[in-house]
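A short write-up of the structure that comes next.
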Amino acid sequence: MAVVERPHPPRAYDVVVIGSGPGGLQTSYCLDRLGVDHAVLSADAGPGGMFQRWPVFQRLISWSKPDAPAPRDSVEYERYDHNSLVADDPENRALVPAHMGRESVFPARTEMEAGLRAFEDKTGIRVRYGCRWESTSVGEDGFALATSDGEYRCRVAVLAVGMTDPWKPDLAGIEHVPHYAETGAATDYRDRSVVLIGKRNSGFELADGLLPWARRIVLVSPRAVQTAVLAHATVRPRYFQPLEEYQVGGAVFALDAAVDGIERTAEGGFRVAVSGTTWTGSSVLEADAVIAATGFRVPLGDLPQAGLHTVLGDRVPALNAYWESISLPGVFFAGNATVGALGLRRHGVGSTSTSVRGFRYNARVLARHIAERLGRVPQHARPLPEDEVALVLAGELRRCAELWGQKAYLARVIGLDGSRRAFDRGVQPLSHFVDESGPDAVAVTIETDRDGVTFPCVYVRRGGRLREEHLDPHPLSEFEGEPYRRALAALVG
Amino acid sequence: MVDRETLSRVTLFADLDGPHLDEVAHTLDDERFPNGSRVVRRGLSSGGLYVILEGAASVVVDGDERAVLKPGDFFGEASILIGDVAIADVAALGDLRCAVADAGDLRPLLRRFPSIAIRMLEVGARRLRGANEWQS
Chain F
1 MAVVERPHPP RAYDVVVIGS GPGGLQTSYC LDRLGVDHAV LSADAGPGGM
51 FQRWPVFQRL ISWSKPDAPA PRDSVEYERY DHNSLVADDP ENRALVPAHM
101 GRESVFPART EMEAGLRAFE DKTGIRVRYG CRWESTSVGE DGFALATSDG
151 EYRCRVAVLA VGMTDPWKPD LAGIEHVPHY AETGAATDYR DRSVVLIGKR
201 NSGFELADGL LPWARRIVLV SPRAVQTAVL AHATVRPRYF QPLEEYQVGG
251 AVFALDAAVD GIERTAEGGF RVAVSGTTWT GSSVLEADAV IAATGFRVPL
301 GDLPQAGLHT VLGDRVPALN AYWESISLPG VFFAGNATVG ALGLRRHGVG
351 STSTSVRGFR YNARVLARHI AERLGRVPQH ARPLPEDEVA LVLAGELRRC
401 AELWGQKAYL ARVIGLDGSR RAFDRGVQPL SHFVDESGPD AVAVTIETDR
451 DGVTFPCVYV RRGGRLREEH LDPHPLSEFE GEPYRRALAA LVG
Chain S
494 MVDRETLSRV TLFADLDGPH LDEVAHTLDD ERFPNGSRVV RRGLSSGGLY
544 VILEGAASVV VDGDERAVLK PGDFFGEASI LIGDVAIADV AALGDLRCAV
594 ADAGDLRPLL RRFPSIAIRM LEVGARRLRG ANEWQS
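Rendered as structure tokens:
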């Protein structure tokens, strides 16, 4: 039998990437393209291990449209395909829709996994599977990562480990309750009364999946469902059916209440004591089953002990604009572990770092940032004539997939030196651009406000002073035309 | 989500009972800023209401420090309520941790919990009086 050599043996690398989900694969692909020496390690047996377990009810909540206004092998198609990893080579693009049927625009998790596997195979990414990261030592010039296969040393570590550790809040009796990750088969809940603690994505995913089975479903958490915000959110399909049943008086309830405690009953059921928030009073919910749909945390190993700061109840790392730990320089994050980088919170709409649609671009910008820091590539600074700046930016408002995938988080930046010359500075996190005390420059973003209106935004820095300018929305989001070029020229000139 | 116990020690939320404190804790984000990083940028429309949980922040205009904010203090609300850009930079002095309400969440939060609005008005009134005394 042929012995397959495992890649990336323990030694020193410039960069070690941990994780083989979409975040890890995208980062590795981008580092490869920039010629950065790196190893990819994964405790799993294959790519996208998370999709073998979750979502519980099979289909993802982000869509890929099989036929779209742009051809599948083009960059423009990425706007219509929120699940594929992104590639410079046209033959490696749109690999998730290539593995999807036409029953739904939301891929089943097996289809997502097949798309990831195809990306890994076709792009030649090499992952050392079955290699578990166990502990971390921080040195003066980098890190030593102890793994099940031995010690790896690196100057930069990229953790693409997902949000995969089940997390439960500190509630009396919560230890009696299984987590979302331990949800049984839908048939287990046949004719049962179920309480779901949590009214966000995973709670509504379970509610939606259990609708054909459970007798009664009560979702409970202190804050009311933000239906106005949901109306414009990608995740809304999960919420539709349970909320409709609630509103017409069916057997689903979305209860706004704090959970005071959970008790087991002698008969094997549960009693959940709650106090109302948007209503006055308290109540006890009797249930045959309770599930904590309370979310996940990033598996950070021993990094908090090494000084890594966290946020959101210690669930996610606190990150700067380039997804680097704010307290442990050299430790970066990729994939949906980048959810703690919130950017400028424009219009109260967050980044899309929780989904492939957004974090695939984070990974590309991150790889370039790391390559520049390690001195592997020069800083982006392609010269262009200053009278072409408005034309270039208007074109980017249509073409640049980063602007559409990470609205108001990633910006297209051009430096202006005031002597008829300009410099293409590539794609940068907007908050980095506005905080950089550099020379005159202009950046454009695409932004969507809370009413769902999408428009370009221009940020101009002159003499150290910053101003923002919102351009008009367009009914068909065509931002490349003459009015936009004129507006951009007036701002840049 | 913000830790409920931490929130219970902030004056702005002192009038909320247990369940409502839980509700507000589920409404706010928890964000940390390293020393020197900017939280609010002069010239940009503001991203949120920031309530300091740990650490301190410096309010800076044209390089001059105009105020130092401490735990329990808040900032960012004025430009959201007025609908204009921020008129000062606010930057972290040492490690800073804030509870944050997004711009779009502020008005609904104040409508839902008028006690927070009244606490905010009291602070606003004190700031205004301080500014008037300083000018006279």
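Protein sequence lines correspond, in order, to chains F and S.
In terms of our numbering, the first sequence is residues 1 to 493.
In terms of our numbering, the second sequence is residues 494 to 629.
Where is the CB? At the ideal position from N, CA and C, for every residue including glycine.
Given residue i as reference, the closest of the options once Cα atoms are compared
i	options	result
F:P317	S:R525, S:V533, S:G511	S:R525
F:D14	F:V161, F:E447, F:D32, F:S20	F:D32
F:K122	F:T110, F:R399, F:R93, F:G130	F:R93
F:A228	F:R461, F:D451, F:R462	F:D451
F:Y459	F:R346, F:L171, F:P7	F:R346
F:L403	F:S351, F:S437, F:L384, F:P378	F:S351
F:V86	F:S42, F:R364, F:E263	F:R364
F:H369	F:E5, F:T27, F:P22, F:G21	F:T27
F:F296	F:G162, F:E140, F:R420	F:G162
S:L500	S:N528, S:E570, S:G529, S:I545	S:I545
S:V561	S:A592, S:I609, S:A549	S:A549
F:P9	F:R373, F:G46, F:T147	F:T147
S:V553	S:E547, S:R534, S:L509, S:G565	S:R534
F:D37	F:V16, F:K65, F:P47, F:G395	F:V16
F:N201	F:Y180, F:E469, F:A185, F:S437	F:Y180
F:V274	F:G268, F:E286, F:T265, F:A266	F:E286
F:G49	F:L34, F:H99, F:P71, F:R117	F:R117
F:S282	F:A258, F:A266, F:P439	F:A258
F:E469	F:G463, F:E482, F:L476, F:V492	F:V492
C-beta atoms of residue i and residue j nearer than 8 angstroms
i	j	result
F:H82	F:W54	no
F:G124	F:L95	no
F:V525	F:Q428	This structure cannot settle anything about residue 525 of chain F, because the visible part of chain F is limited to 1 through 493.
F:W213	F:R238	no
F:W167	F:I18	no
F:V225	F:L243	yes
F:V40	F:V127	yes
F:G418	F:A441	no
F:L430	F:G335	no
F:Y152	F:S20	no
F:R398	F:F479	yes
F:G142	F:G330	yes
F:T277	S:E516	yes
F:H192	F:R215	Per the sequence shown, the amino acid found at residue 192 of chain F is Arg instead of His. Yes.
S:R531	F:D435	yes
F:G307	F:V56	no
S:I642	S:L514	Here chain S covers residues 494 to 629 and nothing more, so residue 642 of chain S does not appear.
Burial state of residue i (16 or more Cβ within 10 Å)
i	result
F:W279	exposed
F:A207	buried
S:D595	buried
S:D582	buried
F:K199	buried
S:D523	buried
F:V290	buried
F:Q247	exposed
S:N625	exposed
S:I611	exposed
S:V503	buried
F:H176	exposed
F:F433	buried
F:A382	Checking the sequence shown, residue 382 of chain F turns out to be Arg, not Ala. F:R382 should be labelled exposed.
F:A160	buried
F:E113	buried
F:S137	exposed
F:E205	buried
F:D256	buried
Presumed contact (8 angstroms Cβ cut-off) between residue i and residue j, rounded CB distance
i	j	result
F:D67	F:E91	Not a contact, Cβ separation roughly 19 angstroms.
F:L466	S:G536	4 angstroms
F:P22	F:V356	5 angstroms
F:V194	F:D288	7 angstroms
F:L471	F:A490	Contact flag wrong, Cβ pair sits at about 11 angstroms.
F:C131	F:A12	Between F:A12 and F:C131 the Cβ distance is about 16 angstroms, and since that is not below 8 angstroms, they are no contact.
F:A321	F:A341	7 angstroms
S:H519	F:S221	7 angstroms
F:A390	F:R485	5 angstroms
S:A592	S:V495	5 angstroms
F:A575	F:V349	Given a span of 1 to 493 for chain F in the structure shown, any question on residue 575 of chain F remains unanswerable.
Proximal residues of chain B, C-beta to C-beta of residue i below 9 angstroms
i	result
F:V434	Structure shown: chain B not included; protein chains present are F and S.
Fully enclosed by the segment 313 to 375 of chain F, which alpha helix (DSSP H) runs are 4 residues long or longer? Taking only runs of at least 4 residues, the alpha helix (DSSP H) segments lying wholly in the segment 313 to 375 of chain F are 356 to 373.
Residue ranges of each beta strand (DSSP E) within the segment 249 to 326 of chain F, 3 or longer: Along the length of the segment 249 to 326 of chain F, whole beta strand (DSSP E) runs at least 3 residues long occupy 252 to 264, 270 to 276, 282 to 287, 289 to 292, reported in chain order.
Going residue by residue through the segment 207 to 244 of chain F, where are the continuous alpha helix (DSSP H) segments of at least 4 residues, counting only ones entirely within it? DSSP assignment within the segment 207 to 244 of chain F yields the following whole alpha helix (DSSP H) runs of 4 residues or more, N-terminal first: 227 to 230.
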